[in-house]
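Step one of this worksheet: look at the structure below.
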Amino acid sequence: MEECKVRVERSQAKKEKPDAQELVFGRVFTDHMLVMDYAEPVGWHDARIVPYQPITIDPSAMVFHYGQSVFEGLKAYVTPEGEAQLFRPKKNLERLNRSNDRLCIPRVDEEFLLEAIRELIALEKDWIPKAEGTSLYIRPFIISTEPFLGVAPSHHYKLMVILSPVGAYYKEGINPVKIAVENQFIRAVKGGTGEAKTGGNYAASLKAQEIADKSGFAQVLWLDGVEKKYIEEVGSMNVFFKINGEVVTPALNGSILEGVTRNSVIQLLKHWNIPVIERRISVEELFEAHANGTLEEAFGTGTAAVISPMGQLSWNDKNIVINGEKTGALAKQLYDTLTGIQYGTMEDPFGWIEPVPDYQKLVEAVSQAGN
Ligand SMILES: *Cc1c(COP(=O)(O)O)cnc(C)c1O
């Protein structure tokens with residue numbers, strides 16, 4: 065077992081854990097969080113697991129004014145044997161550093177951060193819900209904290225990792241949703257920050273989402289920012305279409321977020337010898353495919369929902385129903401396989417699973433020695 069490199073300050077009071085049936089996304093947080101600071105010239109330092117608590121930062125902290133921040137989202141799962149495990153966490157930490165590069169935030173040591181996250185999960189293992197479809201959502205994020213109103217990269221940052229037990233995304237199995245093609249607002253453009261996981265992208269997406277919500281749509285389908293012709297993403301998910309036996313997903317073009325689920329779906333399809341292609345796809349092509357009966361399935365992919373089928377799609381005055389508004393066979397197969405691997409009930413031929421060793425005793429020993 066590796067040596068513990070993270071200082072641990074244990075919470076004195078333990079919160080009550082929510083009932084697995086009543087879990088909602090992102091409302092309840094566990095007893096501890098991971099914190100690390102960045103200052104020049106020392107760099108990232110003082111990694112510590114401390115009781116979950118509010119933080120104090122200066123009102124002039126740069127993040128409040130110019131939005132220099134990045135985040136990640138992944139999950140910890142518990143297997144039927146009671147082991148905690150992570151799904152492709154290295155991909156998330158690589159992406160965190162790509163987001164960092166785009167936002168002029170100093171890179172983090174991916175191996176060290178993964179180790180620190182493992183220790184946090186091990187300490188909070190009892191918080192991973194066990195009911196079917198539930199998991200512990202992991203939210204690493206970095207904010208700029210230097211008290212300064214100048215438009216420039218900050219010299220100080222804070223990294224935090226907070227954990228939230230989350231319920232089954234679909235209470236009654238996966239359900240196809242209604243989607244509206246967004247013609248007015250744009251999520252991201254090539255050269256902008258679309259491929260970085262940064263708060264500003266989500267702030268910019270709220271208006272379209274709000275309008276779509278009022279008209280009874282679950283999400284919007286984003287088009288490219290230049291021609292408003294080509295499909296980019298759906299809500300905050302990547303998107304796939306099965307047309308005439310072939311699976312198509314928009315190619316990464318600089319404005320699309322490279323999802324870990326997207327990458328996993330592509331690998332699974334290749335593994336199953338199902339043709340999959342990354343290319344530009346226009347909304348017009350999609351509606352034509354529907355008209356000539358070749359649009360078989362459409363679904364979004366992301367960590368939160370895993371696979372989210374589209375039942376209806378609206379574009380201007382046209383509305384199409386996809387696959388009779390039922391979950392397609394491919395969407396179902398992908399969902400079952402991904403969740404099977406994530407929860408350890410299916411074999412993982414790809415090496416996607418990272419176990420979380422039981423550091424509990426080690427953490428305890430170190431924390432007592434440090435007292
Ligand atoms: C996080 C995110 C995704 C999905 O990424 P996963 O790694 O699969 O969770 C897709 N699009 C956007 C805009 C996102 O923020």
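Going by my numbering, the first residue of the sequence shown is number 65, and it counts up by one from there.
Even for Gly, the Cβ is constructed at its ideal location relative to N, Cα and C.
Everything numeric in this text was worked out from a predicted model, so none of it was measured.
Query, Result
"Output yes or no for whether 8 Å exceeds the beta carbon distance between Val420 and Leu138.", "no"
"Is Thr41 near ligand 1, going by C-beta to nearest heavy atom under 7 Å?", "In this structure the chain extends from 65 to 435, so residue 41 is not present and cannot be described."
"How should Asp190 be labelled, buried or exposed, when 16 other C-beta atoms within 10 angstroms of its C-beta is the threshold for buried?", "exposed"
"Is Trp336 helix, strand or coil when you go by DSSP?", "coil"
"Give me whichever residues DSSP pairs with Lys139 in a beta bridge.", "Tyr201"
"Relative to the alpha-carbon of Val127, which residue among Leu223, Lys390 and Pro193 has its alpha-carbon at the smallest distance?", "Leu223"
"For Ser378, which residues from the same chain have a beta carbon less than 6 Å from its beta carbon, with the 5 sequence-adjacent residues on both sides left out?", "Ala244"
"Taking the C-alpha atoms as reference points, what is the distance between Glu208 and Leu167?", "The sequence shown places Ser at residue 208, not Glu. Going from the Cα of Ser208 to the Cα of Leu167 covers about 10 Å."
"Check the DSSP bridge columns for Ile295 and list the partner residues they point to.", "Leu287"
"For His335, is the classification buried or exposed, using 16 other Cβ atoms within 10 angstroms of its Cβ as the cut-off for buried?", "exposed"
"Per DSSP, which one or two residues make a beta bridge with Glu310?", "Ile307"
"State the Cα-Cα distance for the pair Asn436 and Val385, rounded to the nearest angstrom.", "Any question about residue 436 goes unanswered here, given that the chain covers just 65 to 435."
"Looking at the secondary structure, which residues open and close the alpha helix (DSSP H) in which Val347 lies?", "Val347 to Ala355"
"Residues in the same chain with beta-carbon distance under 6 Å from Leu160, minus the five sequence neighbours each way, listed in chain order, please.", "Glu136"
"CB of Ala203 to nearest heavy atom of ligand 1: below 7 Å?", "For the sequence presented, residue 203 should be read as Arg rather than Ala. No."
"Leaving out the 5 sequence neighbours to the left and right, which residues in its chain are closer than 7 Å to Ile338 when beta-carbon positions are compared?", "Val311"
"Report back the beta-carbon spacing between Pro82 and Pro229 to the nearest angstrom; my notes put them in contact at under 8 Å.", "6 Å"
"Enumerate in chain order the residues of its own chain whose CB-to-CB distance from Leu333 is below 6 Å, with the five nearest sequence positions on each side excluded.", "Val311 and Val340"
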